[in-house]
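Taking this note's numbering, the leading residue of the sequence shown gets 123, the next gets one more, and so forth.
The beta carbon of each residue, even a glycine, is placed where N, CA and C say it ideally should be.
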Amino acid sequence: MRSRISHYADDRSLHGDIETLRNLIRETAPGNRLKGQEMTAQFDVAVIGLGAMGSAALSYLSARGVKGIGIEAYHPAHALSSSHGDSRLIRLGYFEDPSYVPLLKRAYLNWRGLEARLRSDILTETGVLQIGNPDSKILSGTRASCELHGLAHEILDAAEMAVRFPAFQLDPDEVAVFDPRGGYLRPEAAIAGYLKLAAQDGAVLHFGEKITAIEPDDAGVTVVSAHARYRAKKIIVSTGAWISELVPALAKHAQPIRQVVAWYQPRDGFVTRPERMPCFLRDEGEGGSYFGFPAIGADGVKVGRHAHFLEPIDPNEPNPPVNDRDTALLDGFIGKRVPAAAGQRVNAVTCRYTMLPSEDFLLDLLPGESRIVVASPCSGHGFKFTSVVGEILADLTLDGGTALPVSAFSFAAMDAFVAKQAAPGMIKPIAQRCHRLDDFMTKLKNG
Numbered sequence: 123m124r125s126r127i128s129h130y131a132d133d134r135s136l137h138g139d140i141e142t143l144r145n146l147i148r149e150t151a152p153g154n155r156l157k158g159q160e161m162t163a164q165f166d167v168a169v170i171g172l173g174a175m176g177s178a179a180l181s182y183l184s185a186r187g188v189k190g191i192g193i194e195a196y197h198p199a200h201a202l203s204s205s206h207g208d209s210r211l212i213r214l215g216y217f218e219d220p221s222y223v224p225l226l227k228r229a230y231l232n233w234r235g236l237e238a239r240l241r242s243d244i245l246t247e248t249g250v251l252q253i254g255n256p257d258s259k260i261l262s263g264t265r266a267s268c269e270l271h272g273l274a275h276e277i278l279d280a281a282e283m284a285v286r287f288p289a290f291q292l293d294p295d296e297v298a299v300f301d302p303r304g305g306y307l308r309p310e311a312a313i314a315g316y317l318k319l320a321a322q323d324g325a326v327l328h329f330g331e332k333i334t335a336i337e338p339d340d341a342g343v344t345v346v347s348a349h350a351r352y353r354a355k356k357i358i359v360s361t362g363a364w365i366s367e368l369v370p371a372l373a374k375h376a377q378p379i380r381q382v383v384a385w386y387q388p389r390d391g392f393v394t395r396p397e398r399m400p401c402f403l404r405d406e407g408e409g410g411s412y413f414g415f416p417a418i419g420a421d422g423v424k425v426g427r428h429a430h431f432l433e434p435i436d437p438n439e440p441n442p443p444v445n446d447r448d449t450a451l452l453d454g455f456i457g458k459r460v461p462a463a464a465g466q467r468v469n470a471v472t473c474r475y476t477m478l479p480s481e482d483f484l485l486d487l488l489p490g491e492s493r494i495v496v497a498s499p500c501s502g503h504g505f506k507f508t509s510v511v512g513e514i515l516a517d518l519t520l521d522g523g524t525a526l527p528v529s530a531f532s533f534a535a536m537d538a539f540v541a542k543q544a545a546p547g548m549i550k551p552i553a554q555r556c557h558r559l560d561d562f563m564t565k566l567k568n569g
């Protein structure tokens, strides 16, 4: 346990409350538990998986007076999940679908509420630039969301961008949509905060304990690990890349993939503070979409390609390390599109996305089992919703439904999408989206 705590405390990307998390790990180590206690303890709700969504759900439940337990296979805010690495984007003008905007508005309110309880900063509004061809998916979708919901935004052409945000290189026919409410979140601090509040409100937290089975019966649900068996009236399964191990219905649909991000020191002292270089998204057409953050940490500017090379992975195996192909992609992008920030690459790390076929979320009761709530909400764009997803999961667990708009995130909606595609799972979409990527990398390399 000591080595694991030490490794965690030395994580360069960590912005959370280190001392709080040290104590959480120490107090909930298996050796510190009373033997047999878990065999007889009855909880209202057990939350399996304490990443972003699970920690938020447990915090909301605990604040409502629920007797809850949260069980996590690793340490808090660990680096095998989808929720580490300094920063996550948040934006109101949502190109993916305007239907997400009401949830985003609620998420902003809830993030500010979390900050008030913690008395610390989680959300910083730098504005977000969304750049590309005017007819591209990102640009057209962003404008549609902004116009439908009356969101403040600016449209800047290449000449205006050169004056106002000179770090970015635009082609003459490209434009940018500036969302002034966009910015970034601190993921490790958010997870640490939710866990801290859950514990303060009475939740039991167990780390380093993997759940291997869930067994519903007439009286509730038994949750099984190598250490103990726990009893709960209801459970939430929010295990990220491992979701299909406990929810076999997702085995063909929830595909973990490898993601890579890198950090760069700016060239020649170029200022990359948020006011000069805000967070951004860039649509490269067949080359996919890229995201980036200003120099908010010691490592400088952070960039990545959404879903990277869409490489399926086994979540129980170590992520393949960063390789030359990974860095060539990101070096090529930043060198061409954000050259002022393309100094020395100082860090590159891997993480994981868990993709569903539609790239939407799944927040629903398990079909035929009202005591089991399933949360697989990311598909690479979910962290910003953590503060509202936690509320939704608490509603679903306690009330069997929620007043928030989540009908598109049901098992039925996922099954309908899969049926429409005429092929289950992620294999076909991944193949379709990857086949032109090598051509795009060649274009980046050749300028």
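Looking at ILE313, THR449 and VAL393, the one whose alpha-carbon comes closest to that of LEU240 is ILE313. Taking every protein chain shown into account, the CB of LEU270 has fewer than 16 other CB atoms within 10 angstroms, so this residue is exposed. Between GLY454 and ARG427 a beta carbon distance of about 10 Å is seen, past the 8 Å cut, so the two are scored as non-contacting. The beta carbon of ILE333 lies closer than 7 Å to those of ILE170, ILE193, VAL345, VAL346, SER347 and LEU368 in the same chain, with the five residues before and after it left out. If you draw a straight line from the Cα of ALA229 to the Cα of SER509, it is about 5 Å long. For ALA298, the closest of ILE357, VAL496, LEU261 and ALA325 by C-alpha to C-alpha distance is LEU261.
DSSP, reduced to helix, strand and coil, places PRO443 outside both helices and strands of the structure shown, so it counts as coil. If you draw a straight line from the Cα of HIS503 to the Cα of ALA325, it is about 28 Å long.
For CYS268, the enclosing alpha helix (DSSP H) begins and ends at 259-271. Beta-bridge partners of CYS500 (DSSP): none assigned.
DSSP, reduced to helix, strand and coil, places ILE193 within a strand of the structure shown.
VAL223 sits close to LEU214, with the two beta carbons spaced by under 9 Å. Apart from sequence neighbours up to five positions away, the residues of its chain that approach PRO338 with a beta-carbon distance below 7 Å are GLU491, ARG493 and ILE494, ordered along the chain. Going by DSSP, LEU307 is part of the beta strand (DSSP E) stretching over 305-307. The criterion of a C-beta distance shorter than 9 Å is satisfied by ASP295 and ASN255. Going by DSSP, TYR230 is part of no beta strand (DSSP E) but of the alpha helix (DSSP H) stretching over 223-240. Listed in chain order, the non-local C-beta contacts of PRO396 below 7 Å within the same chain comprise THR248 and PRO416, local neighbours out to five positions each way being set aside. Burial of GLY304 is indicated by the presence of at least 16 other C-beta atoms within 10 angstroms of its C-beta. Within the same chain, Cβ atoms closer than 8 Å to the Cβ of ALA179 are found at VAL169, ILE358, SER360, ALA497, VAL511, GLY512, LEU515, ALA516 and THR519, the five residues on either side in sequence being excluded. LEU452 is positioned such that its CB atom lies no closer than 9 Å to that of ILE379.
In this structure, VAL425 places its C-beta atom within 9 Å of the C-beta atom of VAL383. Membership of THR334 in the beta strand (DSSP E) is indicated by the continuous run 333-339. Looking at HIS349, GLY330, ILE212 and SER242, the one whose alpha-carbon comes closest to that of LYS318 is SER242.
The bridge partners DSSP lists for ARG398 come to none. Sequence-distant Cβ neighbours of GLN164 in its own chain, meaning closer than 7 Å and more than five residues away, are ARG353.
Where THR344 is concerned, the enclosing beta strand (DSSP E) starts and stops at 342-347. When C-alpha distances from PRO370 are compared across ILE336, HIS430 and ALA538, the shortest belongs to ILE336. Close CB contacts of GLY272 within its chain, under the 7 Å cut and outside five residues either way in sequence, are absent. Close CB contacts of ALA274 within its chain, under the 6 Å cut and outside five residues either way in sequence, are with PRO302 (chain order).
Around the Cβ of ARG474, a 10 Å sphere holds 16 or more other Cβ atoms; the residue is buried. For the 9 Å CB-CB criterion, GLN291 and PRO461 form a contact. With contacts defined as CB atoms closer than 9 Å, LEU226 and GLN377 fail to qualify as a contacting pair. Contact between GLY362 and GLY173 holds, since their C-beta atoms are separated by about 5 Å, short of 8 Å.
A distance below 6 Å between beta-carbons, with the five flanking residues on each side excluded, links GLY263 to the following residues of its chain, in chain order: PHE217.
C-alpha of VAL423 to C-alpha of ASP390: approximately 14 Å in a straight line. Burial check for ASP482: the Cβ neighbour count within 10 Å reaches 16 or more, so the residue is buried.
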